[in-house]
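Engineer: Mind looking over this structure? Questions follow.
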Amino acid sequence: MAGFPITAWAMRHPWGADTTAVLDHLRAPRGAPLAATTTAPELATSLLDELAPACAKACARWGASRVASILGSAAPTVEHPLSRLAQTLALVRRHTGIGGAAYHIASTETGGVKALASADRMLRASLADAVLVGGIDDDHGALLLVERHGTSFVDLHASAEATGATDHSTLDEAAAARTIAAAWAVGGRAPLGYVHVHADDDDPHAAAERRVIHSVVGDVPCCATRRRLGSAGAGAGAIDVALAAASLSRGFTPEPHPRELEHDRVLLHAFSPRGHHVTLLLEARE
Amino acid sequence: MATHRAHPSPRAFVFAAAWWDTDAGPPRAELLPRDVRLGASFSARILAHVLDRIAERSPRPLHELPWVLGASEDTHELPLELRNVLSPTHGLACVHAGPATVAMALLEALGTLADHEAVLVAFVQGAGPPHHDPLASTLVLSREPGPEPALLLEPPALRRVAAGPIRSTTPFAAARSIARAATVGQPTVETIPSNQLDRRDCWQIRLHAPG
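Quick look at the structure:
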């Protein structure tokens with residue numbers, strides 16, 4: 460079954476204002492990530508301005524009330540209360556004209572990916588015809604527009620979620636395996652170009668995450684970008700998705716020594732300290 | 003968990019419902035072990051109270067259902083005490099949308115039925131912020147009806163209204179009304195503010211008899 464086209468995306472990071480700049484920087488680093496200088500509302504405004512034409516087209520095509528916005532966010536804190544999330548939703552409406560369902564999915568480190576999974580389900584259930592999704596933190600973030608039909612290079616093909624143990628010191632391998640196996644099965648267990656993993660090489664959960672992935676999908680290259688990009692919040696998940704989509708468009712893995720993708724599919728796995736696991740399957744369009 | 007890509011009806015049967023408010027007396031929260039209950043937050047105890055009420059009528063054990071939690075200022079994640087006792091395994095989404103949280107959590111839950119036969123939706127608010135009444139409400143929504151007659155929940159829809167609804171001092175009051183209506187089999191239409199404060203669009207949540 461065909462997936463849902465990701466018809467537009469935008470990302471911001473101190474390394475650059477789009478996925479191409481960031482992927483180029485990953486390949487040939489030009490120094491450490493810059494210090495944070497952009498607040499989340501400023502960054503949201505910039506991303507929404509870039510995506511406004513695509514959102515306007517989606518609103519015209521589907522009707523504004525059939526275009527939803529789902530943003531991932533970290534779990535609220537005293538510094539970043541729930542009320543701040545409502546302000547971001549207001550920004551989305553003001554800059555894009557989107558008039559459908561609008562809400563946040565709060566989940567530290569996985570919010571941006573969970574938003575994609577929610578969008579996938581909402582489209583499959585015909586609760587919306589297009590969804591603007593993503594995550595925005597101070598200094599970095601990404602937004603993607605997923606539609607029922609449209610012109611794109613990459614499809615959101617499947618999603619799966621599970622909840623595992625909340626023990627921060629141990630990755631719940633069974634929960635991870637369930638989401639990875641489920642999302643991959645939806646795609647017919649077709650060969651993967653690489654797996655965009657959550658844990659970087661020096662992360663204490665890296666070995667367990669890779670062990671699970673290899674046990675489920677076989678010996679497939681794994682790439683992580685979070686540590687090198689210096690991002691960990693909800694926006695990091697959305698950035699991962701945007702980079703995975705861009706990697707499919709370019710045909711190379713997102714890492715310092717890129718490998719050419721042998722297959723046009725990427726599985727993306729993310730997990731949170733609270734035990735949420737999300738897996739997405741992205742596929743390049745013919 | 004996504005095991006197929008069927009195209010379900012976006013409507014759902016309200017398979018079971020329960021609520022707690024101050025009229026119900028002290029929450030018993032017997033779902034929690036005694037030592038945990040004593041140290042649990044008030045929000046955790048009233049949520050445990052309604053989950054206990056709904057557990058025996060749920061089509062599946064609660065930990066085998068995906069969960070959607072309507073997030074409030076004081077409870078924006080599933081309290082850890084409940085998390086440890088119930089250990090939900092099929093996904094948990096904490097939804098926040100300001101005054102529209104009830105409608106948006108129900109939409110998220112209806113979307114979850116694309117992958118699952120049933121879903122648990124819960125709302126809980128403790129005593130704060132000032133002037134808010136404590137309340138907990140929970141629904142089990144299912145694609146198929148159970149053995150008992152059940153009302154159908156339509157996807158919340160935006161409607162233009164002549165005058166906006168009065169903002170309740172109990173932001174999740176609509177969730178209690180839906181749970182109460184479902185329990186007695188009484189159709190209802192709940193109207194809650196949208197996030198679009200500059201417009202007169204409201205979310206309407208319709209509960210009606212099948213057919």
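First to last, the protein sequences are chains R and G.
Residue numbers for the first sequence, in this note's numbering: 460 to 745.
Residue numbers for the second sequence, in this note's numbering: 3 to 213.
In this text, a Cβ means the ideal position worked out from N, Cα and C, and glycines have one as well.
Taking the straight line between their C-alpha atoms, what separation do you get for alanine 701 of chain R and threonine 466 of chain R?
Structural biologist: Taking the straight line joining both Cα atoms gives about 12 Å.
Engineer: When you compare the segment 547–564 of chain R with the segment 100–115 of chain G, are there three or more beta-carbon pairs, one atom per stretch, that lie closer than 8 Å?
Structural biologist: Yes, the segment 547–564 of chain R is in contact with the segment 100–115 of chain G.
Engineer: Specify, as a first and last residue, the run of the beta strand (DSSP E) that methionine 527 of chain R falls within.
Structural biologist: In the sequence under discussion, the amino acid at residue 527 of chain R is alanine, which differs from the methionine named in the question. Note, alanine 527 of chain R: beta strand (DSSP E), 526–532.
Engineer: Where does methionine 3 of chain G fall in DSSP's three states?
Structural biologist: Only weak support exists for where methionine 3 of chain G lies, its pLDDT of 49 falling under 50; the value from the coordinates is given anyway. Coil.
Engineer: Quick one: does leucine 94 of chain G have its CB under 8 Å from some CB of chain R?
Structural biologist: So, interface residue.
Engineer: Hey, alanine 503 of chain R and leucine 550 of chain R: beta-carbon distance below 8 Å or not?
Structural biologist: Closer than 8 Å, so yes.
Engineer: Could you tell me which of G:Glu110, G:Ala124 and G:Val123 sits nearest to leucine 575 of chain R, measuring between CA atoms?
Structural biologist: For the residues G:Glu110, G:Ala124 and G:Val123, the minimum Cα distance to leucine 575 of chain R belongs to G:Glu110.
Engineer: Can you name the start and end residues of the beta strand (DSSP E) that alanine 589 of chain R belongs to?
Structural biologist: Alanine 589 of chain R -> beta strand (DSSP E) spans 589–596.
Engineer: Can you name the residues of chain R whose CB is closer than 8 Å to the CB of leucine 112 of chain G?
Structural biologist: Neighbours of leucine 112 of chain G on chain R, chain order: Ala584 and Leu586.
Engineer: Short check: CB of threonine 622 of chain R to CB of alanine 634 of chain R, under 8 Å?
Structural biologist: Closer than 8 Å, so yes.
Engineer: Throw me the rounded Cβ distance for the alanine 619 of chain R and alanine 642 of chain R pair, which I believe falls under 8 Å.
Structural biologist: Their Cβ separation, rounded to whole angstroms, is 4 Å, which keeps alanine 619 of chain R and alanine 642 of chain R in contact under 8 Å.
Engineer: Applying the 10 Å Cβ sphere with the 16-neighbour rule, what's the burial state of histidine 6 of chain G?
Structural biologist: At histidine 6 of chain G the pLDDT is 40, less than 50, meaning the model places this residue with poor confidence; the figure from the coordinates comes in the next sentence. By the 10 Å Cβ count, histidine 6 of chain G comes out exposed.
Engineer: Straight-line CA distance for phenylalanine 711 of chain R to arginine 718 of chain R?
Structural biologist: Going from the Cα of phenylalanine 711 of chain R to the Cα of arginine 718 of chain R covers about 5 Å.
Engineer: Kindly list the residues whose CB is nearer than 6 Å to the CB of glutamate 32 of chain G, restricted to its own chain and excluding five residues on each side of it in sequence; keep chain order.
Structural biologist: These residues qualify, in order along the chain: Asp54.
Engineer: Would valine 97 of chain G pass as an interface residue toward chain R - the criterion being a Cβ-Cβ separation below 8 Å?
Structural biologist: At least one chain R Cβ lies under 8 Å of valine 97 of chain G.
Engineer: What in chain G is Cβ-close to isoleucine 564 of chain R, meaning under 9 Å?
Structural biologist: Residues of chain G passing the Cβ test: Ala95, Cys96, Val97, His98 and Glu110.
Engineer: Among residues of its own chain, excluding the 5 on either side of proline 535 of chain R, which ones have a beta-carbon nearer than 6 Å to its beta-carbon?
Structural biologist: Closer than 6 Å at the Cβ level, and outside the excluded window around proline 535 of chain R, lie Leu541.
Engineer: Counting only the same chain and skipping the five closest in sequence on each side, list residues whose C-beta sits under 6 Å from that of phenylalanine 44 of chain G.
Structural biologist: Closer than 6 Å at the Cβ level, and outside the excluded window around phenylalanine 44 of chain G, lie Gly128.
Engineer: Under DSSP, the beta strand (DSSP E) around histidine 210 of chain G begins and ends at which residues?
Structural biologist: Looking at the DSSP string, the run of the beta strand (DSSP E) that includes histidine 210 of chain G is 203–210.
Engineer: Closer than 8 Å, CB to CB, is glutamate 620 of chain R near chain G or not?
Structural biologist: Yes - at least one Cβ of chain G is within 8 Å of the one on glutamate 620 of chain R.
Engineer: Can you tell me where the beta strand (DSSP E) holding histidine 554 of chain R begins and where it ends?
Structural biologist: From DSSP, histidine 554 of chain R is part of no beta strand (DSSP E) but of the alpha helix (DSSP H) over 541–555.
Engineer: Looking only at its chain, what residues have a beta carbon closer than 7 Å to the beta carbon of glutamate 79 of chain G, apart from the 5 residues adjacent to it on each side?
Structural biologist: The answer, listed in chain order, is Cys96.
Engineer: Taking C-beta pairs closer than 9 Å, name the residues in chain R that proline 90 of chain G reaches, listed in chain order.
Structural biologist: Neighbours of proline 90 of chain G on chain R, chain order: Thr622.
Engineer: Helix, strand or coil, according to DSSP, for glycine 100 of chain G in the structure here?
Structural biologist: Residue state, collapsed to three classes: helix.
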